[in-house]
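Just below is one structure, and these are the notes that go with it.
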Amino acid sequence: MSRGFVSLVGAGPGDPGLLTLAGRDRLANADVVIYDRLVNPEILEHVRQGAELVFAGKSPAGHTLTQEQINDLLVQKAREGKRVVRLKGGDPFVFGRGGEEGLALAAAGVAFEVVPGVTSAVAVPAYAGVPVTHRGLASSFAVVTGHEDDSKQEESVDWERLATAVDTLVVLMGGSALASTASRLIAAGRDPETPAISVQWGTTADQRSVAAPLREIASRVRAAGLGTPLLTVIGEVGRLRESLSWFESLPLFGKTVLVTRTREQSSALSRLLRAQGARAVELPTIELVPLDDNEAWAAARALGLGDYTWCLFTSANGVEQFWRAVVGVGWDARVFKCLVAAIGRATAEALRSHSIVPDLVATESTSEGLLEALVEWAKRSGVPAMQSLQGARFLYPRAADARDVLAEGLRAQGATVDEVLLYEARVPGVPHRAALDIIRSGRVDAVTFASSSSVRNLAAMLGPDLQQLRTATVACIGPVTAATARELGFEVSVEPAEQSIAALVEALCEHYRRAGP
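Throughout the sequence shown, residue numbering follows the working numbering, covering 176 to 692 in sequence.
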(Lines of atoms letter the chains of each structure in order from A and count residues from 1; the text may use other names and numbers.)
(Lines give C-alpha, C1' and ligand atoms only; values in the text may rest on other atoms or scores of the structure.)
Protein backbone atom coordinates (compact mmCIF):
# COMPACT_ATOMS: atom_id res chain seq x y z
CA MET A 1 0.00 0.00 0.00
CA SER A 2 1.26 3.47 -0.88
CA ARG A 3 2.08 5.90 1.90
CA GLY A 4 -0.63 8.37 2.76
CA PHE A 5 -0.16 12.09 2.79
CA VAL A 6 -2.03 14.98 4.42
CA SER A 7 -2.38 18.51 3.07
CA LEU A 8 -3.46 21.16 5.57
CA VAL A 9 -5.21 23.56 3.16
CA GLY A 10 -6.54 27.05 3.81
CA ALA A 11 -9.87 27.61 2.05
CA GLY A 12 -9.81 31.38 2.45
CA PRO A 13 -12.34 33.58 4.24
CA GLY A 14 -15.52 32.67 2.32
CA ASP A 15 -15.38 34.04 -1.22
CA PRO A 16 -14.69 30.89 -3.31
CA GLY A 17 -12.57 32.97 -5.68
CA LEU A 18 -10.02 33.46 -2.91
CA LEU A 19 -9.07 29.77 -2.80
CA THR A 20 -5.46 29.45 -3.96
CA LEU A 21 -4.50 27.51 -7.08
CA ALA A 22 -2.47 25.13 -4.90
CA GLY A 23 -5.52 24.53 -2.70
CA ARG A 24 -7.68 23.82 -5.74
CA ASP A 25 -5.13 21.30 -7.06
CA ARG A 26 -4.95 19.45 -3.73
CA LEU A 27 -8.75 19.14 -3.63
CA ALA A 28 -8.86 17.79 -7.19
CA ASN A 29 -6.44 14.97 -6.25
CA ALA A 30 -7.69 14.12 -2.77
CA ASP A 31 -9.13 10.76 -1.72
CA VAL A 32 -10.55 12.23 1.49
CA VAL A 33 -11.51 15.82 2.36
CA ILE A 34 -12.17 16.73 5.99
CA TYR A 35 -13.69 20.21 6.04
CA ASP A 36 -14.86 22.86 8.50
CA ARG A 37 -18.11 24.79 9.02
CA LEU A 38 -16.79 28.03 7.53
CA VAL A 39 -15.72 26.44 4.23
CA ASN A 40 -17.90 27.74 1.39
CA PRO A 41 -19.76 24.74 -0.14
CA GLU A 42 -18.83 25.99 -3.62
CA ILE A 43 -15.20 25.22 -2.88
CA LEU A 44 -16.12 21.56 -2.49
CA GLU A 45 -17.07 21.53 -6.19
CA HIS A 46 -13.32 21.23 -6.87
CA VAL A 47 -13.29 17.83 -5.15
CA ARG A 48 -13.18 14.95 -7.62
CA GLN A 49 -16.20 12.69 -7.91
CA GLY A 50 -15.94 9.66 -5.65
CA ALA A 51 -13.77 11.29 -2.99
CA GLU A 52 -14.88 10.89 0.61
CA LEU A 53 -16.21 14.06 2.29
CA VAL A 54 -16.14 14.34 6.08
CA PHE A 55 -17.74 17.30 7.86
CA ALA A 56 -15.82 18.29 11.00
CA GLY A 57 -17.49 21.61 11.70
CA LYS A 58 -17.29 23.47 14.97
CA SER A 59 -19.57 26.23 16.19
CA PRO A 60 -20.32 27.96 19.49
CA ALA A 61 -23.23 25.53 19.88
CA GLY A 62 -21.04 22.44 19.72
CA HIS A 63 -18.58 20.32 17.77
CA THR A 64 -19.27 17.58 15.23
CA LEU A 65 -15.84 16.13 16.03
CA THR A 66 -13.48 17.15 18.83
CA GLN A 67 -10.01 18.32 17.88
CA GLU A 68 -8.55 15.07 19.17
CA GLN A 69 -10.97 13.08 16.99
CA ILE A 70 -10.00 15.15 13.96
CA ASN A 71 -6.31 14.53 14.65
CA ASP A 72 -6.94 10.79 14.97
CA LEU A 73 -8.99 10.74 11.76
CA LEU A 74 -6.23 12.46 9.80
CA VAL A 75 -3.70 9.89 11.00
CA GLN A 76 -6.08 6.98 10.34
CA LYS A 77 -6.90 8.01 6.76
CA ALA A 78 -3.26 8.66 5.95
CA ARG A 79 -2.24 5.25 7.30
CA GLU A 80 -4.81 3.73 4.94
CA GLY A 81 -2.67 5.14 2.11
CA LYS A 82 -5.09 7.96 1.30
CA ARG A 83 -4.33 11.44 0.02
CA VAL A 84 -6.05 13.55 2.64
CA VAL A 85 -6.98 17.24 2.55
CA ARG A 86 -7.78 18.95 5.83
CA LEU A 87 -9.72 21.95 4.53
CA LYS A 88 -9.93 24.86 6.95
CA GLY A 89 -11.50 28.32 6.69
CA GLY A 90 -8.98 31.14 6.27
CA ASP A 91 -5.38 30.07 6.84
CA PRO A 92 -4.52 26.86 8.73
CA PHE A 93 -1.94 28.59 10.94
CA VAL A 94 -3.95 31.72 11.83
CA PHE A 95 -6.19 30.61 14.70
CA GLY A 96 -7.02 27.53 12.66
CA ARG A 97 -5.42 24.93 14.96
CA GLY A 98 -3.41 23.76 11.98
CA GLY A 99 -0.31 23.72 14.15
CA GLU A 100 -1.92 21.20 16.51
CA GLU A 101 -2.89 18.97 13.59
CA GLY A 102 0.59 19.21 12.10
CA LEU A 103 2.15 18.22 15.43
CA ALA A 104 -0.20 15.24 15.72
CA LEU A 105 0.76 14.10 12.22
CA ALA A 106 4.46 14.56 12.91
CA ALA A 107 4.19 12.54 16.14
CA ALA A 108 2.46 9.74 14.22
CA GLY A 109 5.11 9.76 11.49
CA VAL A 110 2.65 10.90 8.81
CA ALA A 111 3.99 13.07 5.98
CA PHE A 112 2.16 16.37 5.55
CA GLU A 113 2.34 19.83 4.02
CA VAL A 114 0.76 23.20 4.67
CA VAL A 115 -1.00 25.08 1.85
CA PRO A 116 -1.56 28.60 3.20
CA GLY A 117 -4.88 30.32 2.63
CA VAL A 118 -6.00 33.95 2.48
CA THR A 119 -6.64 34.90 6.10
CA SER A 120 -9.86 36.64 7.09
CA ALA A 121 -7.76 38.97 9.26
CA VAL A 122 -6.72 40.88 6.13
CA ALA A 123 -9.37 39.90 3.55
CA VAL A 124 -12.51 40.73 5.55
CA PRO A 125 -11.37 44.28 6.43
CA ALA A 126 -10.44 44.74 2.75
CA TYR A 127 -13.94 43.67 1.63
CA ALA A 128 -15.36 46.11 4.19
CA GLY A 129 -13.25 48.93 2.73
CA VAL A 130 -10.67 49.04 5.54
CA PRO A 131 -6.94 48.57 4.84
CA VAL A 132 -5.16 47.26 7.94
CA THR A 133 -2.22 49.57 7.16
CA HIS A 134 -2.14 52.93 5.42
CA ARG A 135 0.62 55.49 5.05
CA GLY A 136 0.20 58.23 7.61
CA LEU A 137 -2.48 56.35 9.57
CA ALA A 138 -1.21 52.87 10.44
CA SER A 139 2.17 51.21 10.04
CA SER A 140 1.48 48.23 12.30
CA PHE A 141 -1.37 45.82 13.02
CA ALA A 142 -2.05 42.89 15.31
CA VAL A 143 -4.41 39.95 14.93
CA VAL A 144 -5.91 38.54 18.10
CA THR A 145 -8.64 36.09 18.96
CA GLY A 146 -11.60 37.32 20.91
CA HIS A 147 -12.56 33.76 21.86
CA GLU A 148 -9.89 31.67 23.49
CA ASP A 149 -9.81 28.03 24.50
CA ASP A 150 -12.41 27.58 27.26
CA SER A 151 -10.06 25.24 29.13
CA LYS A 152 -7.54 28.04 29.76
CA GLN A 153 -7.41 29.33 33.33
CA GLU A 154 -6.27 32.79 32.24
CA GLU A 155 -6.42 34.85 29.06
CA SER A 156 -3.21 34.91 27.04
CA VAL A 157 -4.14 38.19 25.32
CA ASP A 158 -2.77 41.11 27.30
CA TRP A 159 -5.38 43.69 26.27
CA GLU A 160 -3.83 46.36 28.49
CA ARG A 161 -0.47 46.22 26.71
CA LEU A 162 -2.01 45.66 23.29
CA ALA A 163 -4.35 48.65 23.51
CA THR A 164 -1.73 51.20 22.45
CA ALA A 165 1.05 48.94 21.14
CA VAL A 166 -0.13 48.82 17.51
CA ASP A 167 -2.08 51.08 15.19
CA THR A 168 -4.70 48.60 13.98
CA LEU A 169 -6.27 45.75 15.93
CA VAL A 170 -8.11 42.91 14.18
CA VAL A 171 -10.20 40.81 16.56
CA LEU A 172 -11.37 37.43 15.26
CA MET A 173 -14.27 35.44 16.70
CA GLY A 174 -14.94 38.06 19.32
CA GLY A 175 -18.69 38.64 19.11
CA SER A 176 -19.72 37.46 22.56
CA ALA A 177 -16.82 39.23 24.28
CA LEU A 178 -16.89 42.42 22.20
CA ALA A 179 -18.24 44.66 24.97
CA SER A 180 -15.60 43.54 27.46
CA THR A 181 -12.86 43.76 24.82
CA ALA A 182 -13.80 47.36 24.00
CA SER A 183 -13.98 48.28 27.69
CA ARG A 184 -10.54 46.83 28.40
CA LEU A 185 -8.97 48.61 25.44
CA ILE A 186 -10.49 51.96 26.48
CA ALA A 187 -9.44 51.46 30.10
CA ALA A 188 -5.88 50.75 28.90
CA GLY A 189 -5.66 53.99 26.96
CA ARG A 190 -7.27 53.39 23.59
CA ASP A 191 -9.29 56.43 22.51
CA PRO A 192 -13.01 55.59 22.89
CA GLU A 193 -13.66 57.50 19.66
CA THR A 194 -11.37 55.19 17.67
CA PRO A 195 -13.26 53.92 14.59
CA ALA A 196 -14.37 50.28 14.84
CA ILE A 197 -16.02 48.16 12.18
CA SER A 198 -17.58 44.76 12.85
CA VAL A 199 -18.23 42.46 9.89
CA GLN A 200 -20.29 39.28 9.77
CA TRP A 201 -19.79 36.68 7.00
CA GLY A 202 -17.11 38.85 5.40
CA THR A 203 -16.20 38.41 1.68
CA THR A 204 -19.54 36.70 0.91
CA ALA A 205 -22.86 37.99 -0.41
CA ASP A 206 -24.15 37.63 3.16
CA GLN A 207 -21.64 40.20 4.42
CA ARG A 208 -23.10 42.69 6.90
CA SER A 209 -21.12 45.40 8.63
CA VAL A 210 -21.56 48.01 11.34
CA ALA A 211 -19.31 51.02 11.97
CA ALA A 212 -19.20 52.94 15.25
CA PRO A 213 -16.76 54.47 17.72
CA LEU A 214 -15.05 51.87 19.88
CA ARG A 215 -17.18 52.84 22.90
CA GLU A 216 -20.39 52.04 20.99
CA ILE A 217 -19.43 49.16 18.70
CA ALA A 218 -20.75 46.35 20.93
CA SER A 219 -24.19 47.93 21.36
CA ARG A 220 -24.41 48.72 17.63
CA VAL A 221 -23.56 45.09 16.79
CA ARG A 222 -26.29 43.85 19.14
CA ALA A 223 -28.82 46.30 17.71
CA ALA A 224 -28.02 45.20 14.15
CA GLY A 225 -28.33 41.53 15.10
CA LEU A 226 -24.90 40.58 13.82
CA GLY A 227 -23.74 37.12 14.90
CA THR A 228 -20.97 34.65 14.15
CA PRO A 229 -18.67 34.53 12.32
CA LEU A 230 -17.73 38.07 13.31
CA LEU A 231 -14.55 40.09 12.83
CA THR A 232 -13.89 43.54 14.28
CA VAL A 233 -11.19 45.93 13.05
CA ILE A 234 -10.23 48.82 15.33
CA GLY A 235 -8.08 51.76 14.27
CA GLU A 236 -7.85 55.09 12.47
CA VAL A 237 -7.85 53.22 9.14
CA GLY A 238 -11.59 52.76 9.71
CA ARG A 239 -12.06 56.40 8.64
CA LEU A 240 -11.21 55.33 5.07
CA ARG A 241 -14.20 53.02 4.86
CA GLU A 242 -16.56 55.58 3.38
CA SER A 243 -14.28 56.06 0.37
CA LEU A 244 -13.00 52.48 0.05
CA SER A 245 -16.17 50.44 0.59
CA TRP A 246 -16.04 48.78 -2.83
CA PHE A 247 -17.66 45.39 -2.15
CA GLU A 248 -20.85 46.58 -0.50
CA SER A 249 -21.16 49.18 -3.29
CA LEU A 250 -21.36 46.56 -6.06
CA PRO A 251 -24.64 46.81 -7.99
CA LEU A 252 -25.84 43.30 -7.07
CA PHE A 253 -24.44 43.23 -3.53
CA GLY A 254 -26.69 41.21 -1.23
CA LYS A 255 -29.11 40.29 -4.03
CA THR A 256 -30.17 36.65 -4.37
CA VAL A 257 -30.27 35.76 -8.07
CA LEU A 258 -31.74 32.50 -9.37
CA VAL A 259 -29.76 30.85 -12.19
CA THR A 260 -31.84 28.43 -14.29
CA ARG A 261 -29.29 27.28 -16.89
CA THR A 262 -28.14 23.68 -17.29
CA ARG A 263 -25.78 22.34 -14.63
CA GLU A 264 -22.91 22.47 -17.13
CA GLN A 265 -23.58 26.09 -18.14
CA SER A 266 -24.64 27.64 -14.84
CA SER A 267 -21.13 28.20 -13.45
CA ALA A 268 -20.18 30.87 -16.03
CA LEU A 269 -23.29 32.95 -15.28
CA SER A 270 -22.92 32.42 -11.53
CA ARG A 271 -19.31 33.65 -11.62
CA LEU A 272 -20.32 36.86 -13.38
CA LEU A 273 -23.15 37.45 -10.89
CA ARG A 274 -20.90 36.86 -7.88
CA ALA A 275 -18.32 39.25 -9.31
CA GLN A 276 -21.01 41.92 -8.99
CA GLY A 277 -21.78 41.00 -5.37
CA ALA A 278 -24.76 38.69 -5.90
CA ARG A 279 -25.64 35.48 -4.12
CA ALA A 280 -26.11 33.08 -7.07
CA VAL A 281 -28.56 30.24 -6.41
CA GLU A 282 -28.35 27.54 -9.06
CA LEU A 283 -31.49 25.56 -9.95
CA PRO A 284 -30.89 23.87 -13.32
CA THR A 285 -34.20 23.69 -15.18
CA ILE A 286 -32.83 21.89 -18.23
CA GLU A 287 -31.23 18.48 -18.48
CA LEU A 288 -29.76 17.61 -21.87
CA VAL A 289 -30.46 14.03 -22.91
CA PRO A 290 -28.60 12.84 -26.05
CA LEU A 291 -30.67 11.11 -28.73
CA ASP A 292 -28.15 8.58 -29.98
CA ASP A 293 -30.36 6.49 -32.26
CA ASN A 294 -31.21 9.29 -34.68
CA GLU A 295 -31.93 8.27 -38.29
CA ALA A 296 -31.29 11.76 -39.64
CA TRP A 297 -27.84 11.87 -38.04
CA ALA A 298 -27.04 8.44 -39.46
CA ALA A 299 -28.07 9.65 -42.92
CA ALA A 300 -26.00 12.85 -42.55
CA ARG A 301 -22.99 10.79 -41.52
CA ALA A 302 -23.35 8.60 -44.60
CA LEU A 303 -23.72 11.67 -46.82
CA GLY A 304 -20.80 13.55 -45.26
CA LEU A 305 -20.66 17.25 -44.44
CA GLY A 306 -18.83 17.99 -47.69
CA ASP A 307 -22.13 17.53 -49.56
CA TYR A 308 -23.87 20.31 -47.59
CA THR A 309 -23.79 24.01 -48.42
CA TRP A 310 -24.21 25.07 -44.78
CA CYS A 311 -24.20 23.61 -41.29
CA LEU A 312 -26.32 25.68 -38.88
CA PHE A 313 -25.96 26.06 -35.12
CA THR A 314 -28.57 27.85 -33.04
CA SER A 315 -27.21 27.34 -29.51
CA ALA A 316 -24.03 26.55 -27.62
CA ASN A 317 -25.75 23.38 -26.40
CA GLY A 318 -26.30 22.36 -30.02
CA VAL A 319 -22.60 22.85 -30.72
CA GLU A 320 -21.53 20.70 -27.77
CA GLN A 321 -24.00 17.92 -28.53
CA PHE A 322 -23.02 17.92 -32.21
CA TRP A 323 -19.35 17.81 -31.27
CA ARG A 324 -20.03 14.87 -28.96
CA ALA A 325 -21.62 13.04 -31.89
CA VAL A 326 -18.77 13.99 -34.25
CA VAL A 327 -16.10 12.75 -31.85
CA GLY A 328 -18.19 9.64 -31.18
CA VAL A 329 -17.79 8.48 -34.78
CA GLY A 330 -14.09 9.28 -34.91
CA TRP A 331 -14.27 12.64 -36.72
CA ASP A 332 -12.73 15.99 -35.85
CA ALA A 333 -12.90 19.61 -37.08
CA ARG A 334 -11.70 18.56 -40.54
CA VAL A 335 -15.17 17.17 -41.25
CA PHE A 336 -16.44 20.73 -41.83
CA LYS A 337 -16.01 21.13 -45.58
CA CYS A 338 -19.15 23.27 -45.78
CA LEU A 339 -19.97 26.79 -44.61
CA VAL A 340 -20.84 27.19 -40.92
CA ALA A 341 -23.38 29.66 -39.47
CA ALA A 342 -23.99 30.57 -35.81
CA ILE A 343 -27.02 32.25 -34.31
CA GLY A 344 -25.01 34.63 -32.10
CA ARG A 345 -21.78 35.37 -30.29
CA ALA A 346 -22.11 32.69 -27.58
CA THR A 347 -22.74 29.99 -30.18
CA ALA A 348 -19.84 31.28 -32.26
CA GLU A 349 -17.53 31.10 -29.23
CA ALA A 350 -18.61 27.51 -28.60
CA LEU A 351 -17.65 26.67 -32.19
CA ARG A 352 -14.28 28.42 -31.87
CA SER A 353 -13.52 26.40 -28.75
CA HIS A 354 -13.46 23.37 -31.09
CA SER A 355 -11.29 25.17 -33.69
CA ILE A 356 -14.27 25.90 -35.97
CA VAL A 357 -14.50 29.52 -37.14
CA PRO A 358 -18.05 30.30 -38.33
CA ASP A 359 -18.42 31.92 -41.74
CA LEU A 360 -21.53 33.79 -40.61
CA VAL A 361 -22.67 35.03 -37.19
CA ALA A 362 -26.14 36.55 -37.00
CA THR A 363 -26.23 39.92 -35.25
CA GLU A 364 -29.78 39.23 -34.02
CA SER A 365 -29.62 36.03 -31.97
CA THR A 366 -32.96 34.54 -33.03
CA SER A 367 -33.99 32.00 -35.65
CA GLU A 368 -35.55 34.87 -37.59
CA GLY A 369 -32.30 36.82 -37.35
CA LEU A 370 -30.22 33.90 -38.61
CA LEU A 371 -32.62 33.30 -41.51
CA GLU A 372 -32.40 36.95 -42.54
CA ALA A 373 -28.58 36.88 -42.24
CA LEU A 374 -28.40 33.79 -44.50
CA VAL A 375 -30.57 35.45 -47.15
CA GLU A 376 -28.44 38.63 -47.04
CA TRP A 377 -25.21 36.65 -47.17
CA ALA A 378 -26.38 34.83 -50.27
CA LYS A 379 -27.27 38.12 -52.00
CA ARG A 380 -23.85 39.62 -51.24
CA SER A 381 -21.75 36.50 -51.86
CA GLY A 382 -20.66 37.51 -55.37
CA VAL A 383 -20.93 33.87 -56.46
CA PRO A 384 -23.77 33.58 -58.99
CA ALA A 385 -24.54 30.02 -57.98
CA MET A 386 -24.92 31.06 -54.33
CA GLN A 387 -26.83 34.33 -54.64
CA SER A 388 -30.01 32.52 -53.80
CA LEU A 389 -30.81 29.83 -51.25
CA GLN A 390 -32.69 27.96 -53.96
CA GLY A 391 -31.22 24.46 -54.13
CA ALA A 392 -28.84 25.00 -51.19
CA ARG A 393 -28.57 22.10 -48.76
CA PHE A 394 -28.50 22.71 -45.01
CA LEU A 395 -27.60 20.44 -42.11
CA TYR A 396 -29.38 21.67 -39.00
CA PRO A 397 -28.43 19.87 -35.75
CA ARG A 398 -30.84 20.94 -33.00
CA ALA A 399 -32.82 20.03 -29.91
CA ALA A 400 -35.97 17.99 -30.33
CA ASP A 401 -38.14 20.81 -28.97
CA ALA A 402 -36.55 23.71 -30.91
CA ARG A 403 -38.79 26.08 -32.89
CA ASP A 404 -39.41 25.26 -36.57
CA VAL A 405 -39.04 28.88 -37.76
CA LEU A 406 -35.57 28.50 -39.27
CA ALA A 407 -36.13 25.20 -41.08
CA GLU A 408 -39.50 26.29 -42.48
CA GLY A 409 -38.10 29.66 -43.58
CA LEU A 410 -35.22 28.03 -45.45
CA ARG A 411 -37.52 25.57 -47.18
CA ALA A 412 -39.71 28.49 -48.24
CA GLN A 413 -36.59 29.89 -49.97
CA GLY A 414 -36.23 26.66 -51.95
CA ALA A 415 -33.50 25.09 -49.79
CA THR A 416 -33.26 21.51 -48.58
CA VAL A 417 -32.94 21.19 -44.81
CA ASP A 418 -31.88 17.98 -43.05
CA GLU A 419 -32.78 18.38 -39.39
CA VAL A 420 -30.75 16.29 -36.97
CA LEU A 421 -32.39 15.89 -33.56
CA LEU A 422 -29.32 15.25 -31.42
CA TYR A 423 -30.69 15.90 -27.95
CA GLU A 424 -33.75 16.62 -25.90
CA ALA A 425 -33.98 19.34 -23.24
CA ARG A 426 -35.94 17.83 -20.36
CA VAL A 427 -36.99 18.90 -16.90
CA PRO A 428 -34.36 17.56 -14.43
CA GLY A 429 -35.55 14.53 -12.54
CA VAL A 430 -34.24 15.59 -9.12
CA PRO A 431 -34.40 19.36 -8.41
CA HIS A 432 -31.84 20.90 -6.04
CA ARG A 433 -33.55 20.86 -2.64
CA ALA A 434 -31.63 23.79 -1.13
CA ALA A 435 -32.50 26.03 -4.10
CA LEU A 436 -36.17 25.09 -3.86
CA ASP A 437 -36.17 25.98 -0.16
CA ILE A 438 -34.75 29.43 -0.94
CA ILE A 439 -37.45 30.03 -3.56
CA ARG A 440 -40.23 28.90 -1.24
CA SER A 441 -38.97 31.21 1.49
CA GLY A 442 -39.46 34.20 -0.82
CA ARG A 443 -35.79 35.23 -0.66
CA VAL A 444 -35.12 35.43 -4.42
CA ASP A 445 -34.60 38.99 -5.66
CA ALA A 446 -34.03 38.25 -9.35
CA VAL A 447 -34.46 35.38 -11.82
CA THR A 448 -32.40 34.87 -14.98
CA PHE A 449 -33.67 32.99 -18.04
CA ALA A 450 -31.43 32.09 -20.98
CA SER A 451 -34.01 30.17 -23.05
CA SER A 452 -37.73 29.59 -23.41
CA SER A 453 -37.23 26.02 -22.20
CA SER A 454 -35.79 27.29 -18.92
CA VAL A 455 -38.92 29.39 -18.34
CA ARG A 456 -41.38 26.60 -19.12
CA ASN A 457 -39.43 24.00 -17.18
CA LEU A 458 -39.14 26.22 -14.10
CA ALA A 459 -42.91 26.67 -14.12
CA ALA A 460 -43.35 22.89 -14.36
CA MET A 461 -40.86 22.26 -11.54
CA LEU A 462 -42.33 24.80 -9.12
CA GLY A 463 -46.05 24.44 -9.71
CA PRO A 464 -47.88 26.59 -7.11
CA ASP A 465 -44.53 27.75 -5.69
CA LEU A 466 -44.02 29.77 -8.88
CA GLN A 467 -46.03 32.50 -7.14
CA GLN A 468 -43.06 33.12 -4.83
CA LEU A 469 -41.17 34.57 -7.83
CA ARG A 470 -43.87 36.96 -9.05
CA THR A 471 -42.31 39.94 -7.27
CA ALA A 472 -38.74 39.08 -8.34
CA THR A 473 -36.92 41.03 -11.05
CA VAL A 474 -37.00 38.89 -14.21
CA ALA A 475 -34.07 39.07 -16.64
CA CYS A 476 -34.32 37.35 -20.05
CA ILE A 477 -31.54 36.92 -22.58
CA GLY A 478 -33.61 37.68 -25.69
CA PRO A 479 -37.03 38.55 -27.11
CA VAL A 480 -38.17 34.95 -27.64
CA THR A 481 -37.33 34.01 -24.05
CA ALA A 482 -38.94 37.21 -22.79
CA ALA A 483 -42.12 36.46 -24.75
CA THR A 484 -42.34 33.01 -23.17
CA ALA A 485 -41.85 34.52 -19.71
CA ARG A 486 -44.64 37.01 -20.31
CA GLU A 487 -46.95 34.24 -21.56
CA LEU A 488 -46.45 32.52 -18.19
CA GLY A 489 -47.33 35.69 -16.27
CA PHE A 490 -43.88 37.11 -15.50
CA GLU A 491 -43.20 40.82 -15.74
CA VAL A 492 -39.90 41.05 -17.63
CA SER A 493 -37.82 43.98 -16.35
CA VAL A 494 -34.43 43.24 -17.92
CA GLU A 495 -33.78 42.37 -21.57
CA PRO A 496 -30.31 43.24 -22.94
CA ALA A 497 -29.83 44.51 -26.48
CA GLU A 498 -27.06 41.95 -27.03
CA GLN A 499 -28.06 38.34 -26.42
CA SER A 500 -25.16 37.08 -24.33
CA ILE A 501 -24.61 36.08 -20.72
CA ALA A 502 -22.24 39.00 -20.09
CA ALA A 503 -24.79 41.45 -21.49
CA LEU A 504 -27.54 39.89 -19.36
CA VAL A 505 -25.53 40.45 -16.18
CA GLU A 506 -24.61 44.01 -17.15
CA ALA A 507 -28.26 44.81 -17.92
CA LEU A 508 -29.29 43.41 -14.51
CA CYS A 509 -26.62 45.56 -12.85
CA GLU A 510 -27.86 48.64 -14.68
CA HIS A 511 -31.42 47.88 -13.59
CA TYR A 512 -30.39 47.92 -9.92
CA ARG A 513 -28.20 51.01 -10.41
CA ARG A 514 -31.23 52.88 -11.68
CA ALA A 515 -33.45 51.49 -8.93
CA GLY A 516 -31.01 52.61 -6.23
CA PRO A 517 -30.52 51.04 -2.79
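All residues carry an ideal CB built from backbone N, CA and C; glycine is no exception.
8 angstroms Cβ cutoff met for residue i and residue j
i, j, result
"Leu280", "Phe270", "no"
"Thr437", "Glu417", "no"
"Pro300", "Leu415", "no"
"Leu406", "Leu347", "yes"
"Thr591", "Arg568", "yes"
"Ile245", "Ala226", "no"
"Ala450", "Val434", "no"
"Val184", "Leu262", "yes"
"Ala647", "Val669", "no"
"Leu487", "Ala525", "no"
"Glu599", "Ala575", "yes"
"Ile614", "Leu644", "yes"
"Ala658", "Leu679", "no"
"Gly350", "Gly402", "yes"
"Glu411", "Leu312", "yes"
"Pro367", "Arg397", "no"
"Ser530", "Ala508", "yes"
"Ala443", "Ile676", "yes"
"Ala362", "Ile392", "no"
"Phe422", "Gly452", "yes"
"Gln718", "Ser540", "Here the chain covers residues 176 to 692 and nothing more, so residue 718 does not appear."
"Met636", "Val667", "no"
"Pro533", "Gln496", "no"
"Gly304", "Leu353", "no"
"Thr343", "Gly364", "no"
Strand pairing of residue i, partner residues [DSSP]
i, result
"Ser384", "Val374"
"Ile185", "The identity of residue 185 in the sequence shown is Gly, whereas the question assumes Ile. Answer by DSSP bridge pairing, in chain order: Lys263."
"Tyr210", "Phe230 and Leu262"
"Ala516", "Leu487 and Leu535"
"Glu457", "Val434"
"Phe180", "Arg258"
Rounded Cβ spacing between residue i and residue j (contact assumed at less than 8 angstroms)
i, j, result
"Thr378", "Ala298", "6 angstroms"
"Val293", "Val318", "Not really, about 13 angstroms apart at Cβ, beyond 8 angstroms."
"Val285", "Val250", "6 angstroms"
"Val207", "Lys257", "5 angstroms"
"Ala500", "Leu597", "6 angstroms"
"Thr460", "Ser314", "Not confirmed; about 54 angstroms, so no contact."
"Phe624", "Ala660", "6 angstroms"
"Gly481", "Cys513", "7 angstroms"
Host beta strand (DSSP E) of residue i (start-end)
i, result
"Glu599", "Thr591 to Arg601"
"Leu570", "Arg568 to Ala574"
"Glu220", "It is not in any beta strand (DSSP E) - Glu220 carries neither H nor E in the DSSP assignment."
"Val667", "Val667 to Val669"
Endpoints, the alpha helix (DSSP H) within which residue i is located
i, result
"Thr343", "From DSSP, Thr343 is part of no alpha helix (DSSP H) but of the beta strand (DSSP E) over Thr343 to Leu347."
"Leu196", "Leu196 to Ala203"
"Glu335", "Trp334 to Leu337"
"Glu462", "Glu462 -> not in any alpha helix (DSSP H); beta strand (DSSP E) instead, spanning Glu462 to Pro465."
"Glu685", "Ile676 to Ala690"
"Ala587", "Val580 to Ala587"
"Leu545", "Ser542 to Arg555"
"Ser331", "No alpha helix (DSSP H) holds Ser331; DSSP gives it neither H nor E."
"Leu360", "Leu353 to Ala362"
The ligand GDP heavy atom lying under 7 angstroms from the CB of residue i
i, result
"Arg359", "With respect to the ligand GDP, the structure shown offers nothing to examine, as it has no ligands at all."
Along the chain, which unbroken stretches of the alpha helix (DSSP H) at least 4 residues long are found entirely within the segment 379-454? Listed in chain order, the alpha helix (DSSP H) runs fully inside the segment 379-454 are 392-399, 416-419 and 441-450, counting runs of at least 4 residues.
Complete alpha helix (DSSP H) runs within the segment 609-653 (minimum length 4 residues, chain order): For the segment 609-653, the continuous alpha helix (DSSP H) assignments of 4+ residues that do not extend past its boundaries occur at 627-637, in sequence order.
Taking only runs that begin and end inside the segment 252-321, name each unbroken beta strand (DSSP E) of 3 or more residues, in chain order. List check, beta strand (DSSP E) in window: 258-263, 287-290 and 316-320.
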